[in-house]
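In the working numbering, the protein residues as written are 135 to 259.
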């Protein structure tokens, strides 16, 4: 009988200890969460006052700039390809002009096909 009472009392105190520890941990968690919210609020206010962007905003700005630079590089490469193509066409036309009679510009123009002359005009525009 004494042993049963001892075990009963021991289980009760053990249960109370567990409940006390659980409550203490919950209180500490609530306290830490309140401190975190206060600190985040202080940081937000400081950033607004001093005009400091959030890291997420900064990442978005950098991504936009990177995309814009990539677009401009692509456009520059396309323009370079177009210019190289025109240059090759002009060099081919120049070789053909060498085979024509050496006359005035108008005479050579009349001997060239219209497409060739328009390519040359486009290059110099």
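We put the beta carbon where it would ideally sit given N, CA and C, even for glycine. These figures come from a predicted structure and were not determined experimentally.
- Between the C-alpha atoms of residue 149 and residue 191 there is a straight-line separation of about 50 Å.
- The beta carbon of residue 197 sits closer than 6 Å to none of the beta carbons in its chain outside the five residues before and after it.
- Annotation: residue 211 to residue 184 spans about 41 Å, alpha carbon to alpha carbon.
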